[in-house]
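Residue 606 in full-length UniProt numbering is what sits at position 606 of the sequence shown, and the numbering runs on without skipping anything.
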Amino acid sequence: MQQQPSEQDLTNFGILMQNTLNHENNVRVKAEQDLKLMEKQPGFVMLLLTFISKQLTNKFMGAQSAIILKNLVKRDWDVGLILKNEDKEIIKSGVVDIMIRSDLTIQEILSEVITIISLHDFYKNWTTLLPYLVNLLKTNTDKFESTRGVLATCHSLFKKYREQAKSDEIEDELIYIMKEFAEPMLGLFQHFISLVPQITDPASLKSIFTCINLLLEIYYSLNWIDIPEFFEDHLPEYSNIFLFLLNYQNSSLDNNLYEEPSLLDTAQSLVFQSINLYLEKYDEAFIPYVENFATATWQLISKLDMKIKYDNLVSKALEFLTVTSRSEKHIIFKDALPAICENIIIPNISLREEDEIIFSEEPIEYIRRDIEGSDSDSRRKSASELIKTLKPVVLSYAAWCIERLLTVKEDNGKPRYSQVEILPYAQTLLQGLFSALDNTEENEYIMKAIMRATAVLKEQMKPIMPAYISKITSVLSEVCKNPNNPMFNHYLFESYATVIKFNSDYISEFEASLFPPFQTILNQGIEEFTPYVFQLISQLLTVRQAPLPAIYISLFPNFLQAHLWESEGNIPGLVAFTSTLITKAPQELGKNNQLEQVLGIFQTLVKSNTKDYHGFRILDSIIHALPYETVANFLQGIFFVLFGRLQSKKTGQFLRCLILFFSNFAVRYGADKLIQAINQIQANIFSQLAKAVWQSSLRKVTGKIEKKVCAVALIKILFNTDLIQSSADTWKMLISELALFLNPTTDSKNEFDEDDEQHDDEETVLQTEKGISGGYKVTFTKLSFAAMGIEDPVREVQNTRLHFCQSLTNFISPLDPQQVQFVKSLIVSNPESAQAILVLMQNNGFSTSFLQ
1 MQQQPSEQDL TNFGILMQNT LNHENNVRVK AEQDLKLMEK QPGFVMLLLT FISKQLTNKF
61 MGAQSAIILK NLVKRDWDVG LILKNEDKEI IKSGVVDIMI RSDLTIQEIL SEVITIISLH
121 DFYKNWTTLL PYLVNLLKTN TDKFESTRGV LATCHSLFKK YREQAKSDEI EDELIYIMKE
181 FAEPMLGLFQ HFISLVPQIT DPASLKSIFT CINLLLEIYY SLNWIDIPEF FEDHLPEYSN
241 IFLFLLNYQN SSLDNNLYEE PSLLDTAQSL VFQSINLYLE KYDEAFIPYV ENFATATWQL
301 ISKLDMKIKY DNLVSKALEF LTVTSRSEKH IIFKDALPAI CENIIIPNIS LREEDEIIFS
361 EEPIEYIRRD IEGSDSDSRR KSASELIKTL KPVVLSYAAW CIERLLTVKE DNGKPRYSQV
421 EILPYAQTLL QGLFSALDNT EENEYIMKAI MRATAVLKEQ MKPIMPAYIS KITSVLSEVC
481 KNPNNPMFNH YLFESYATVI KFNSDYISEF EASLFPPFQT ILNQGIEEFT PYVFQLISQL
541 LTVRQAPLPA IYISLFPNFL QAHLWESEGN IPGLVAFTST LITKAPQELG KNNQLEQVLG
601 IFQTLVKSNT KDYHGFRILD SIIHALPYET VANFLQGIFF VLFGRLQSKK TGQFLRCLIL
661 FFSNFAVRYG ADKLIQAINQ IQANIFSQLA KAVWQSSLRK VTGKIEKKVC AVALIKILFN
721 TDLIQSSADT WKMLISELAL FLNPTTDSKN EFDEDDEQHD DEETVLQTEK GISGGYKVTF
781 TKLSFAAMGI EDPVREVQNT RLHFCQSLTN FISPLDPQQV QFVKSLIVSN PESAQAILVL
841 MQNNGFSTSF LQ
């Protein structure tokens, strides 16, 4: 334990420090040498920190000694030649307290010290730092200088995340930071914003805005890698804060300078910095707030003159408008275009006097800035970018108009322009659209109009199908060379899906035209397109009648390769292909251990919270395609995987999928085999599983066919097994759950027995823009028309409720009076479900005497 230095030690050290600045060379050199020797002596760190803390009123000497500490930490913290563990602990325990009591100059230096240390020790080797800083923020809320020091430290601490790539370690750090810091930060933000209208003293107002600007910097840093859940949940509060800052005006904050931004200018620039980040990276979360921010933005820009100090603010504001104009909220510009052009674009694209001076006197510098993009934050460049996004293109507007006209509905819900009315112009329309496409660069509006026309014409495309296939395939071949417009590409592939769906007679032509470019895409690894390719191949396989061409069979082992499944965007299409091939050619699973490979894929998928339902889809296809004798060899492994996931990561989605799997198993192989297979894992575990799975989640199952399968399976479990004898409590619980599941009072329509049809209504389908990635990471965007209807494995059951009533009646009929009384006692133990059964039986014309 190092002792506190004496007053004499501090005096001597002060003299030494003064001598290091002496104008006489020999005195200064001697002092510097003595200082170097002193650094290596025990107790130096304690002496230095104490000296700094005593020099808070002597700014010059305090800054000099703080620089010595910073250089020592920077030089030796990770090496440890001078700074031992005890020295490091002394620095970490004292530097923050000294910093917040110091003036701005010393604060900035000591903040750098903390930042350097944190790069090595935060947070696992300096667990006290963040809680201490948070406590200081809570206890010094209205001490603006102290709060500024703490926030400056936090800013230094967190800004490193702007340069970090996402990793498990970084994610772990951010989770820790948000847990400690998020709520106090929001509270402090709201407190300062509430003070702003009340403060009349300019100095205090400037202190508050200094703190606000640091909070804005911190907010940006913590959002850079990924949007934390807390910030997403509290976007309404932060949006209110940001809008307040954009709308706030106060002349006392104006520094009356031509080039230097004021604190308010900086705050507004920082707001745009964050909302631009949100709009670029987290647009789905931020879209609901865009319109209010757009209004505030053009109102703000309209009030700013051409002073240089506003350049950064204006350029960031224009960037926001530019990004907004590319988003789904671009429609907000429709009525504001004249005002935007007159009040925003024209003033900011004009040359100022200082620009003209550079143009005349330093032409090379002007050219360098303009051509090389060194003025990427300039008003002119930002205004030019905005013009590009707002520039009206006649072809695009015409295509947009056609596409919208094809979606207009009359009051009765029918299309204003029917297929019959459009058919005479179909060839001319599509020829014109494809011709317009040749004259533009991947125009998404034209491609969307082609897609929409194809969707409206449906099977009436046959007369022009050869020309259509040829043209659209040439478009695909061209975009494969350089895919750069996700929206265009999506509509292109959706157009394929549409014609395949409604014109399956042309399956051979589709295969002949599509498989060559598909082979190119897969061989060249064009990752932007592979999710679409897998979906379309799956769709082709689905509509293809037996016998299957060899190409599909040859693709199967290739599509089981692990590297293809590593990309999340590929998985839905691969799952659809795998499931369909298993259904159409189950014999292929017996070749080259392919069943084991497929089950390995299932095991990987089902362990993931976000992909488990894909694994279940594969598993369900195996159940329906293969005989029990084949599947039985793998059941123990399958159930071990499922029960392991059930114990470790039980989610609502997983439980619903698990119920559906058990139900498919029961309707395919029999309820007895289901109970037997489950109980082989552990004796009588079915009863426990029924309570953990069916009781908790049956009524959360959605989808008409899915609900029907679950109901029919439970009917088999209840009435086709000896469950009532082996576990009457389980039987009682399951019939209660089934009765409430089937209860006719809970829905007005017989939702168990209606066709699970796919609606091709243009108003509800193809509205895919929200799901399309604005950049080029490999994501999955569903092709609406590539999705095929779900097969009903219990199609022989026409009316599920009637089937239940008949099955219950058949179950009761052979029982003696004592057994009937026992069944009744189980049913009436739950009055709500007993009433549901009574209503079901009466509504379907069955006797309810056994319940009397």
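Even glycine gets a Cβ: it sits at the ideal position worked out from N, Cα and C.
Since we're looking at a predicted model, the values are computed, not measured.
Would you kindly work out how many angstroms separate the C-alpha atoms of S65 and H563, rounded to a whole number? 57 Å
Suppose the cutoff is 6 Å on Cβ atoms and the five residues either side in sequence are ignored; what does the same chain contact list for S376 look like? Confidence is the limiting factor: at S376 the pLDDT is only 44, short of 50, which leaves the residue's position unreliable and the question unanswerable from this model.
Using the DSSP secondary-structure output, state which residues sit across from K409 in a beta bridge. P415
Secondary structure at A787, three-state DSSP: helix, strand or coil? coil
Can you tell me whether H191 is helix, strand or coil according to DSSP? In the structure shown, H191 falls within a helical segment according to DSSP collapsed to helix, strand and coil.
Assigned exposure category for Q545 - 16 Cβ within 10 Å defines buried: Its Cβ having fewer than 16 others within 10 Å, Q545 is exposed.
Count the CB pairs spanning the region 213-226 and the region 156-171 that are closer than 8 Å, and state whether there are at least three. yes
Local Cβ density within 10 Å of C401, reported as buried at 16 or more and exposed below that: exposed
State the Cα-Cα distance for the pair T428 and I422, rounded to the nearest angstrom. Distance from the CA of T428 to the CA of I422, rounded to the nearest whole angstrom, comes to 10 Å.
Here's the rule I'm using: 16 or more other beta-carbon atoms within 10 Å means buried, otherwise exposed. How should N503 be labelled? buried
Which term fits residue 869, buried or exposed, when burial requires 16 or more other beta carbons within 10 angstroms of its beta carbon? What is shown of the chain runs 1 to 852, which leaves residue 869 out entirely.
The alpha helix (DSSP H) with D121 in it runs from where to where? L104 to D121
Put S608 into one of helix, strand or coil per three-state DSSP. Residue state, collapsed to three classes: coil.
Would you mind stating whether L69 and V113 have Cβ atoms separated by less than 8 Å? yes
How many Å lie between D265 and C154 at the Cα? 22 Å
Would you report the Cα separation of I537 and E284, rounded to the nearest angstrom? Between the alpha carbons of I537 and E284 lies a gap of roughly 30 Å.
Any heavy atom of the ligand SAM closer than 7 Å to the CB of H490? In terms of ligand content, the structure shown is empty, and the ligand SAM therefore cannot be addressed.
Whole-angstrom distance between E629 and E588, CA atom to CA atom: Roughly 16 Å separates the two Cα atoms.
Contact the region 795-815 vs the region 620-634: 3+ CB pairs below 8 Å: no
Starting from the C-beta of R656, find all residues in its chain whose C-beta is less than 7 Å away, skip the five residues before and the five after it, and write them out in chain order. S697, K700 and V701
Are M465 and Y506 touching if we call contact CB-CB under 8 Å? Their beta carbons are under 8 Å apart, which means M465 touches Y506 by this criterion.
Give me the Cβ distance between F272 and K316, rounded to the nearest whole Å; I'm assuming they're in contact under 8 Å. 4 Å
I'd like to check one pair, I837 with A739: are the Cβ atoms closer than 8 Å? Between A739 and I837, the C-beta gap is smaller than 8 Å, which places the two residues in contact.
For D34, which residues in the same chain have their Cβ closer than 7 Å to its Cβ, ignoring the five residues on either side in sequence? L16
By how many angstroms is the C-alpha of V73 removed from the C-alpha of D121? 12 Å
Sequence-distant residues of the same chain with beta carbon closer than 8 Å to T473, five excluded per side: S513, L514 and P517
Give the secondary structure of T147 by DSSP, where H, G and I count as helix, E and B as strand, and everything else as coil. helix
Close-in-space but distant-in-sequence residues of the same chain around E171 (CB under 7 Å, 5 per side omitted): So the list is empty, once near-sequence residues are dropped.
Under 8 Å between C-beta atoms of Y132 and V79: no
May I ask which residues mark the beginning and end of the alpha helix (DSSP H) holding A31? N25 to E39
Suppose the cutoff is 8 Å on Cβ atoms and the five residues either side in sequence are ignored; what does the same chain contact list for D254 look like? S262 and L264
Assess contact between the region 679-690 and the region 704-715, defined as three or more Cβ pairs (one per stretch) separated by less than 8 Å. Is contact present? no
State the start and end residues of the unbroken alpha helix (DSSP H) segment that holds F529. Counting along the chain, F529 falls outside any alpha helix (DSSP H), and DSSP gives it neither H nor E.
Three-way DSSP call (helix, strand, coil) for D722 in this model: In the structure shown, the three-state DSSP call for D722 is coil.
Residue from W77, F230, G637 and E108 with nearest C-alpha to N125: W77
Assuming H563 is part of the alpha helix (DSSP H), what are its boundary residues? Unbroken alpha helix (DSSP H) run through H563: A562 to W565.
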